[in-house]
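The listed protein sequences derive, respectively, from chains A and B. Numbering of the first sequence is given in the working numbering, commencing with residue 13 and proceeding in unit increments. Numbering of the second sequence is given in the working numbering, commencing with residue 3 and proceeding in unit increments. For every residue, glycine included, the Cβ atom is placed at its ideal position computed from N, Cα and C. None of these values were measured; they are calculated from a predicted model. Here the structure comes first, spelled out in structure tokens, and everything after it is commentary.
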Amino acid sequence: MKVALFITCYNDTLFPSTGKAVVEVLERLGHTVEFPAGQTCCGQMHWNTGYQVEALPLLPRFVAQFEHAEAVVVPSSSCVAMMREHYPMMAERIVAEGGDATLPQRTAVLLPRVWEFSEFLTKKLGLTDIGAYYPHRVTYHASCHGLRSLGLGDGPQKLLKAVRGLELVEISNLEQCCGFGGTFAVKNADVSSAMLSDKTRAVLNTGAEECTACDNSCLMHIQGALHRQRTGVTTRHIAEILAHTEASEAAEEAGETEVNV
Amino acid sequence: MSRIPLDPRTAPPFQAAAKALLGDAQLRKNVRHATDVIQNKRRKLVEEKQDWQLLRESARQIRAHALQHLDVYLDEFERNFTRAGGTVHWARDAAEAQRIVVGLVKESGSSEVIKIKSMTTEEVQLNNALEAAGIHAYETDLAELIIQLGEDQPSHIVVPALHKNRAQIREIFRRTMNLPDLGDKPADLADAARRFLREKFLRVKTAVSGANFLIAETGGICIVESEGNGRMCLTLPDTLISVVGIEKVIPRWQDLEPLIQLLPRSATGERMNPYNSLWSGVHPGDGPRAMHVVLLDNGRTNVLADSEGRETLQCIRCAACQNACPVYRQTGGHAYGSVYAGPIGAILTPQLMHMEHSQTLPYASSLCGACYEVCPVKINIPEVLIHLRNKVVEQNGWYTPESLAMKAVAAAFRSERRFRAAQRLGRIAESPLVKSEKQKFSIVGQKQTGNTGWIGWLPGLLGGWTDTRDLQAMPEETFRDWWEKRGKA
Numbered sequence: 013m014k015v016a017l018f019i020t021c022y023n024d025t026l027f028p029s030t031g032k033a034v035v036e037v038l039e040r041l042g043h044t045v046e047f048p049a050g051q052t053c054c055g056q057m058h059w060n061t062g063y064q065v066e067a068l069p070l071l072p073r074f075v076a077q078f079e080h081a082e083a084v085v086v087p088s089s090s091c092v093a094m095m096r097e098h099y100p101m102m103a104e105r106i107v108a109e110g111g112d113a114t115l116p117q118r119t120a121v122l123l124p125r126v127w128e129f130s131e132f133l134t135k136k137l138g139l140t141d142i143g144a145y146y147p148h149r150v151t152y153h154a155s156c157h158g159l160r161s162l163g164l165g166d167g168p169q170k171l172l173k174a175v176r177g178l179e180l181v182e183i184s185n186l187e188q189c190c191g192f193g194g195t196f197a198v199k200n201a202d203v204s205s206a207m208l209s210d211k212t213r214a215v216l217n218t219g220a221e222e223c224t225a226c227d228n229s230c231l232m233h234i235q236g237a238l239h240r241q242r243t244g245v246t247t248r249h250i251a252e253i254l255a256h257t258e259a260s261e262a263a264e265e266a267g268e269t270e271v272n273v
Numbered sequence: 003m004s005r006i007p008l009d010p011r012t013a014p015p016f017q018a019a020a021k022a023l024l025g026d027a028q029l030r031k032n033v034r035h036a037t038d039v040i041q042n043k044r045r046k047l048v049e050e051k052q053d054w055q056l057l058r059e060s061a062r063q064i065r066a067h068a069l070q071h072l073d074v075y076l077d078e079f080e081r082n083f084t085r086a087g088g089t090v091h092w093a094r095d096a097a098e099a100q101r102i103v104v105g106l107v108k109e110s111g112s113s114e115v116i117k118i119k120s121m122t123t124e125e126v127q128l129n130n131a132l133e134a135a136g137i138h139a140y141e142t143d144l145a146e147l148i149i150q151l152g153e154d155q156p157s158h159i160v161v162p163a164l165h166k167n168r169a170q171i172r173e174i175f176r177r178t179m180n181l182p183d184l185g186d187k188p189a190d191l192a193d194a195a196r197r198f199l200r201e202k203f204l205r206v207k208t209a210v211s212g213a214n215f216l217i218a219e220t221g222g223i224c225i226v227e228s229e230g231n232g233r234m235c236l237t238l239p240d241t242l243i244s245v246v247g248i249e250k251v252i253p254r255w256q257d258l259e260p261l262i263q264l265l266p267r268s269a270t271g272e273r274m275n276p277y278n279s280l281w282s283g284v285h286p287g288d289g290p291r292a293m294h295v296v297l298l299d300n301g302r303t304n305v306l307a308d309s310e311g312r313e314t315l316q317c318i319r320c321a322a323c324q325n326a327c328p329v330y331r332q333t334g335g336h337a338y339g340s341v342y343a344g345p346i347g348a349i350l351t352p353q354l355m356h357m358e359h360s361q362t363l364p365y366a367s368s369l370c371g372a373c374y375e376v377c378p379v380k381i382n383i384p385e386v387l388i389h390l391r392n393k394v395v396e397q398n399g400w401y402t403p404e405s406l407a408m409k410a411v412a413a414a415f416r417s418e419r420r421f422r423a424a425q426r427l428g429r430i431a432e433s434p435l436v437k438s439e440k441q442k443f444s445i446v447g448q449k450q451t452g453n454t455g456w457i458g459w460l461p462g463l464l465g466g467w468t469d470t471r472d473l474q475a476m477p478e479e480t481f482r483d484w485w486e487k488r489g490k491a
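Right under this line is the structure:
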């Protein structure tokens, strides 16, 4: 399948290793990956903070970049949630304001082909074991958008359980928000920090070496506190775990350092 | 014994109030414990209902339909309630509601009233208005009594004293009821309250209540509760005055069926409320001889006029959203500066109070969606929050620092060239703040030791982040840089 990658603005800027891992996994599964270069941002930050006018132009941009793709894969549950929950309404509003009348239809046709990364593997491709190897103790954080907006269920956990060598340890209060919430973390920093400390305590109680999720925004938040507290526990996007194989482990052991592409 | 009520017009911003409350470890422990207990009970009882989602949907439809035809059903209620011997009064705002109730109480010849828990009378600050007119109000709901005697404020819609633990409640009773030997078992406290209240029930001849539902078809008032004190207020006094928001009307008797299943399960994790009272007009030899309903607007028709905010009025005040909300669970209700706290308060208060008084409430949420998930009438609270945030932004204009920053970022997102320039600029801007750290790190298939940058302090609007968290510095290469190089290789 020809898969177009929507990498999202913060993954592009802050977590390029997640994008590389997504490419690695998809190519290993025999798919062709495309990266439409004109892509920027889904508009979630602006939309959710109340800057609707600023978010609107990002929709036609997204549609134009991706409407010819067979499938669109996005390594971020919150960005996919933004699209599914708000793009149809945004398209209508653009038309109401005298914009492109074809947008609602084009958006409606494109959206069913847009997949969150883990969802693409489990629901579109029907896979759980994708041949990964990752000999570490890992806990999974279910981000709110993945859990409630996308209904990922236990799909990500199934993927992780199939990883050889990986010990999945369950976190308490799985459904509790980590307190990131985009601009919430800055606007309500104190409450956000209180929520975060509940979450990091839960992560540390699992005894895991790493915390993973389908969304780097939650992980950036959790990682921020784990690092500040010098816990030694790290965070890693699920794609990076699934990209890891015995071959890549062997390469690391042999001291090869070039990026594996 | 008059209290300073929670008033969104004078309350501090949510962030400031929350910060103060986060320092109260006992309060946070009490709130956490109480919401945990209620949520666990709720979850079990919801799981045993196979048709829960169908019930939710039918309740949503009933409430939405009633709101769409509110004028029709209010008229119908008024006709039927009047025919049954009651009197309907209409109050445009809080001041008018206060005037009407004070007038009716004076007419009844009483200088005291017994009250059953009513968020609507809290909303219009009725107790203080009564007090100012020389009328003393006794709260008869156990939790409201605790709040009143403690000169405190309700912090939860269903369990107003949930921020207090048993020891604190015992202290309040000992002090205000003059009971130096009061025990600390629940039965001791309940017994003290019962003795205190019984005397009021038997003596005071005028009562004030709220209502859970008004039924248009029968002209009936419905109150559901746990303790039976509401029933005492409905039946013992000669005069009953109910203050009810206009949105509480439902069309038919049979509409109660899904609502009365959803409400107790969502609110307190009970299959059924111990007391479900339905009252319609006056009846010789039974119950009050004069019955009044004050139908309160107080901003509700404005909410109704907003097609995106309207669903807020579907609320049946179960508070499931408060118990589920991780923000509420950290701070309790007082941070919201309004009698309506938690997610429902964050959307209801700004709309009732015309937005400008409630700039910070729509932002008091991480949009995690837990509130929407549990709402028995399916109010899409996150969606309404976003709608209200848009209103706040429009109200504040373009020249705030936040707005200028958001505009600049949005401009960068509108072209690939500008976005890349912004990424480069970001790396330059952050560089003085980055502390390099030697650490082992691995990217896919690559383990090496090198320098990773961390930011421990950020200026201005972003400073909140680095109070408790570090931020990893931007890597030297963006994904798209890597992708381009890879294509060329």
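Tell me the DSSP secondary structure of residue i in three-state form.
{"i": "His98(A)", "result": "helix"}
{"i": "Val379(B)", "result": "coil"}
{"i": "Cys317(B)", "result": "coil"}
{"i": "His91(B)", "result": "strand"}
{"i": "Phe198(B)", "result": "helix"}
{"i": "Thr224(A)", "result": "strand"}
{"i": "Asp183(B)", "result": "coil"}
{"i": "Lys199(A)", "result": "helix"}
{"i": "Gly165(A)", "result": "coil"}
{"i": "Ile346(B)", "result": "helix"}
{"i": "Glu219(B)", "result": "coil"}
{"i": "Gly452(B)", "result": "Its pLDDT being 48, under 50, Gly452(B) is placed unreliably by the model, and nothing is read from it."}
{"i": "Leu17(A)", "result": "strand"}
{"i": "Ile457(B)", "result": "strand"}
{"i": "Thr44(A)", "result": "strand"}
Give a yes or no on whether the minimum CB-CB distance between residue i and chain A is below 8 Å.
{"i": "Pro378(B)", "result": "no"}
{"i": "Asn392(B)", "result": "yes"}
{"i": "Phe415(B)", "result": "yes"}
{"i": "Ile388(B)", "result": "yes"}
{"i": "Gly371(B)", "result": "yes"}
{"i": "Tyr338(B)", "result": "no"}
{"i": "Tyr277(B)", "result": "no"}
{"i": "His351(B)", "result": "Strictly speaking, residue 351(B) in this sequence is Thr, with His absent from that position. So no, Thr351(B) is outside the interface."}
{"i": "Gly428(B)", "result": "yes"}
{"i": "Thr333(B)", "result": "yes"}
{"i": "Trp485(B)", "result": "yes"}
Quick one: what's residue i bridged to in DSSP?
{"i": "Arg149(A)", "result": "Glu179(A)"}
{"i": "Val86(A)", "result": "Glu128(A)"}
{"i": "Leu297(B)", "result": "Trp92(B) and Val246(B)"}
{"i": "Asn278(B)", "result": "Val226(B)"}
{"i": "Ala292(B)", "result": "Thr241(B)"}
{"i": "Arg248(A)", "result": "Thr224(A)"}
{"i": "Leu8(B)", "result": "Note: Leu8(B) sits in no beta bridge, so no partner."}
{"i": "Ser211(B)", "result": "Ser244(B)"}
Rounded to the nearest angstrom, how far is the Cβ of residue i from that of residue j, given a contact under 8 Å?
{"i": "Ala145(B)", "j": "Val126(B)", "result": "Not a contact, Cβ separation roughly 19 Å."}
{"i": "Ile253(A)", "j": "Leu172(A)", "result": "7 Å"}
{"i": "Ile83(A)", "j": "Phe132(A)", "result": "Here residue 83(A) turns out to be Ala, not Ile, going by the sequence shown. Sure, about 7 Å apart at Cβ, within 8 Å."}
{"i": "Pro116(A)", "j": "Glu104(A)", "result": "6 Å"}
{"i": "Asp227(A)", "j": "Ser88(A)", "result": "5 Å"}
Does the beta carbon of residue i come closer than 8 Å to any beta carbon on chain B?
{"i": "Ala49(A)", "result": "yes"}
{"i": "Phe74(A)", "result": "no"}
{"i": "Thr52(A)", "result": "yes"}
{"i": "Gly31(A)", "result": "yes"}
{"i": "Ile19(A)", "result": "yes"}
{"i": "Ser205(A)", "result": "yes"}
{"i": "Lys199(A)", "result": "yes"}
_If contact is defined by three or more beta carbon pairs under 8 Å, each pair taking one atom from either stretch, is the segment 73-88 of chain B in contact with the segment 256-273 of chain B?_
no
* **At least three beta-carbon pairs within less than 8 Å, the segment 364-375 of chain B to the segment 180-200 of chain A** => yes
- Task: Indicate whether the contact test is met: 3 or more Cβ pairs, each with one atom in the segment 118-128 of chain A and one in the segment 200-208 of chain A, closer than 8 Å.
- Result: no
Report yes or no: do the segment 221-239 of chain B and the segment 274-281 of chain B share at least 3 C-beta pairs separated by less than 8 Å? yes
_Under 8 Å: do the segment 89-100 of chain B and the segment 288-306 of chain B share three or more Cβ pairs, one atom per stretch?_
yes
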